[in-house]
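Enquirer: Please see the structure below; I have some questions.
There are 2 protein chains.
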Amino acid sequence: MSIPSPIKITPVGVLHCELHDRFNTPRNYDISEITGTIEIFPDFAEAMADIRPGQKIMVLYFFHQADRDIQKVYPRGDRSRGLTGVFSTRSPMRPNPIAVSEVEVLAVEAGQIEVKGVDALDGTPVVDIKKVV
Amino acid sequence: MSIPSPIKITPVGVLHCELHDRFNTPRNYDISEITGTIEIFPDFAEAMADIRPGQKIMVLYFFHQADRDIQKVYPRGDRSRGLTGVFSTRSPMRPNPIAVSEVEVLAVEAGQIEVKGVDALDGTPVVDIKKVV
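Protein chains in written order, with our numbering: chain A, 1257 to 1389; chain B, 1257 to 1389.
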């Protein structure tokens, strides 16, 4: 099978949280205490059926507002480190702005996962959730 | 900005390795000693400019042959655990089959990253590479 291009992916949900400004967003999940709710769309209810409070889960977001044409950045805005290829960073700016985050599950209801450790903006599409290794 | 659907992503490279049969593929990267080469397409050469031997990198693959309509699986084929929602597993079968793996960089040449710890099939598209947290 040859490689499909472009690849099409589908939002499975959306993040709701208090973060509306990327300059006030925690730089990474491991330093975030912010809570939020992942709304899972009804078509994907079965896939979330075994998520339980207390678990850590890996969340893949799609940063749909990120600039996809930038291949070098100053990591975390620090110019002393020089321009760095985005594949050596976790910058949201990259050809495919898929972010990999980890959050703690606080509560689960139908179509809703309440989580702690949010490092993405309100309204960010969620494209996958996985077990943490 | 409303959520785009579908989201379009672009392969940035492709994995070359000895794995051709998913039943003989390591179940996860943390148990794999298999080496391979990630070919980065010329359009993305700048983004890989700072990857160095000895680093651990996070690789996002797209499992283009996976069944995207399955929402419950027997994790790792173990029926004793019952059918489990795919968001609680790392099954390749899921709505958006984006895999998150970690590999060790052995060598870097123009457009090629030689790595150890491969758990994906030969010919798998690579959609992103990140720094490991």
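Beta carbons: idealized from backbone N, C-alpha and C, even for Gly.
Does leucine 1377(B) pass the burial test, meaning 16 or more other C-beta atoms within 10 Å, or should it be called exposed?
Expert: Counting Cβ neighbours within 10 Å, leucine 1377(B) comes out buried, since at least 16 surround it.
Enquirer: Please check if any C-beta of chain B sits within less than 7 Å of the C-beta of glycine 1310(A).
Expert: Glycine 1310(A) does not count as touching chain B.
Enquirer: Note down, in chain order, all residues in the region 1263 to 1286 of chain B with a beta-carbon under 9 Å from any beta-carbon belonging to chain A.
Expert: Within the region 1263 to 1286 of chain B, the residues whose Cβ lies closer than 9 Å to some Cβ of chain A are Ile1263, Lys1264, Ile1265, Thr1266, Pro1267, Val1268, Val1270, Asn1284, Tyr1285, Asp1286, listed in chain order.
Enquirer: Since aspartate 1384(A) is in the beta strand (DSSP E), which residue starts that stretch and which ends it?
Expert: Start and end: 1381 to 1387.
Enquirer: For chain B, check one thing: does any of its Cβ atoms lie closer than 7 Å to the Cβ of valine 1374(A)?
Expert: It does not: the Cβ of valine 1374(A) has no partner Cβ on chain B nearer than 7 Å.
Enquirer: Measuring only between beta-carbons, confirm whether glycine 1367(A) sits less than 7 Å from chain B.
Expert: No, glycine 1367(A) does not count as interfacial toward chain B.
Enquirer: Can isoleucine 1296(B) be considered in contact with the ligand NAP, in the sense that its beta carbon sits closer than 6 Å to one or more heavy atoms?
Expert: You won't find the ligand NAP in this model; it holds no ligand whatsoever.
Enquirer: Per DSSP, what kind of secondary structure is glutamate 1449(A) in: helix, strand or coil?
Expert: There is simply no residue 1449(A) to check, as chain A begins at 1257 and stops at 1389 in what is shown.
Enquirer: Who are the Cβ neighbours of valine 1329(A) in its own chain at under 8 Å, not counting the five residues just before and after it?
Expert: So the list reads Leu1339, Thr1340, Val1342, Thr1345, Ser1347, Met1349, once near-sequence residues are dropped.
Enquirer: So with CB distances below 9 Å, who are the chain B contacts of isoleucine 1307(A)?
Expert: The contacting residues are Gly1341, Phe1343, Ser1344.
Enquirer: Counting only C-beta atoms, is methionine 1349(B) closer than 7 Å to chain A at any point?
Expert: For methionine 1349(B), the answer is no, since every Cβ of chain A falls outside 7 Å of its Cβ.
Enquirer: Measuring CB to CB, does proline 1267(A) end up less than 7 Å from isoleucine 1259(B)?
Expert: Result yes, Cβ atoms of proline 1267(A) and isoleucine 1259(B) sit closer than 7 Å.
Enquirer: Under the assumption that isoleucine 1294(A) contacts valine 1382(A) (Cβ atoms under 8 Å), give the Cβ distance between them as a whole number of angstroms.
Expert: Right, the Cβ-Cβ distance comes to about 6 Å (below 8 Å), so this counts as a contact.
Enquirer: Which of the residues in the region 1294 to 1305 of chain B, read from start to end, lie with their CB under 9 Å from any CB of chain A?
Expert: Those would be Ile1296, Asp1299, Phe1300, Ala1301, Glu1302, Ala1303, Met1304, Ala1305, in chain order.
Enquirer: Cα separation between glutamate 1302(A) and proline 1351(B)?
Expert: Approximately 11 Å, taken between the alpha carbons.
Enquirer: Kindly indicate if chain B contains any beta-carbon less than 7 Å away from that of phenylalanine 1318(A).
Expert: Interface residue, yes.
Enquirer: Strictly under 7 Å for the Cβ-Cβ distance: is isoleucine 1290(A) near chain B by that measure?
Expert: Taking Cβ atoms only, chain B never reaches closer than 7 Å to isoleucine 1290(A), which makes this a no.
Enquirer: Pick from Glu1360(B), Ala1366(B), Lys1386(B): whose alpha carbon is nearest that of serine 1288(B)?
Expert: Closest by alpha carbon: Glu1360(B).
Enquirer: Please confirm whether aspartate 1384(A) has its beta-carbon closer than 7 Å to some beta-carbon of chain B.
Expert: It does; some Cβ of chain B falls within 7 Å.
Enquirer: Suppose the cutoff is 6 Å on Cβ atoms and the five residues either side in sequence are ignored; what does the same chain contact list for glycine 1269(A) look like?
Expert: Cβ neighbours of glycine 1269(A) beyond the five flanking positions: Ile1294, Glu1295, Ile1296, Phe1297, Val1382.
Enquirer: Between Asp1384(B), Pro1282(B), Gly1379(B), which has its C-alpha nearest isoleucine 1265(B)'s C-alpha?
Expert: Isoleucine 1265(B) has its Cα closest to that of Asp1384(B), out of Asp1384(B), Pro1282(B), Gly1379(B).
Enquirer: Residues in its own chain within less than 8 Å of histidine 1320(B) by CB, not counting five upstream and five downstream?
Expert: Excluding sequence neighbours, histidine 1320(B) sits near Pro1353, Thr1380, Pro1381.
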